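Notes follow once the structure below has been shown.
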Amino acid sequence: MEWLTNLDWFALACWTGAIILIAAGFAGTIIPAIPGLPMIAGGAALIGWADGFEIIGWKTIVFVSVLAVIGVVIDSVAQTAGAQKAGASKAGIIGSIVGTFAGMFMGIFGLLFMPLIGAAIGEFWAKRNLIHASKVGVATWIGMIVGTAVKIALAFTMTGIIATVYLTA
1 MEWLTNLDWF
11 ALACWTGAII
21 LIAAGFAGTI
31 IPAIPGLPMI
41 AGGAALIGWA
51 DGFEIIGWKT
61 IVFVSVLAVI
71 GVVIDSVAQT
81 AGAQKAGASK
91 AGIIGSIVGT
101 FAGMFMGIFG
111 LLFMPLIGAA
121 IGEFWAKRNL
131 IHASKVGVAT
141 WIGMIVGTAV
151 KIALAFTMTG
161 IIATVYLTA
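Quick look at the structure:
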């Protein structure tokens, strides 16, 4: 039982929290309501804090945080930009947001297709043109897929940077 007295409980708590944040952050790259990339950056900060920022220092944390901000901005812009490029009205964009929110409760189908359906319904309601509404829905969906792909790539990049810095120290 001597190992219990020598165990650094603070570091263990930081590492546990970091692993939970990073795992939840990966889930957040796909689930819209979870701020995935900021959670991964938070995990990096906890890993740094665990050893007094000796291995994972402030430069690494700031760099990973900047990547998180870039990812959040790209994700926010991509879906709306796709809709606007197709000529979406305000109702189409609101429909996309409502569809994204509703899709969170519908499993993988909802996550993948409800933004498209929401944008198309909103646009159809505004302009009563099925072809235009379909184009807006598809453009919104493509924007969402691009934003999600960027978030996933950044999540792996951020985690790779954290692991590389930690393992090469």
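Using my numbering, read the sequence shown as starting at 1 and increasing by one per residue.
Glycine included, each C-beta is placed from N, C-alpha and C at the ideal position.
As the structure is a computational prediction, the values presented were derived from the model and not from experiment.
Segment contact: the segment 52–72 against the segment 80–92, fewer than three CB-CB distances shorter than 8 Å; contact not assigned. Judged by their CB atoms, Gly36 and Gly25 are nearer to each other than the 9 Å cut-off. Gly95 and Ala119 do touch by the CB rule: their CB atoms are close to 5 Å apart, below 8 Å. Per the coordinates, the alpha-carbon of Ala68 lies some 28 Å from the alpha-carbon of Val136.
A Cβ-Cβ distance of about 6 Å is found for the pair Ala33 and Met104, placing them in contact under the 8 Å criterion. Residue state for Pro35 is assigned as coil, using DSSP reduced to three classes. If you draw a straight line from the Cα of Ser65 to the Cα of Gly43, it comes to about 10 Å.
Minimum Cα-Cα distance from Ala169 among the listed residues Lys90, Gln84, Glu54 corresponds to Glu54. A straight-line Cα-Cα distance of about 41 Å links Ala23 and Ile131. Excluding residues up to 5 positions away in sequence, Leu21, Ile22, Ala24, Gly25, Gly28 lie with their Cβ nearer than 8 Å to the Cβ of Met39 in the same chain.
Taking the C-beta atoms as reference points, Ile30 is found no nearer than 9 Å to Ile162.
DSSP, reduced to helix, strand and coil, places Phe109 within a helical segment of the structure shown. Excluding the 5 residues flanking it on each side, Gly17 has same chain C-beta neighbours closer than 8 Å at Gly43, Leu46, in chain order.
Under the 10 Å beta carbon count, Phe109 is surrounded by fewer than 16 other beta carbons and is classified as exposed.
When the Cα atoms are used, Ile121 and Val138 turn out to be separated by approximately 12 Å.
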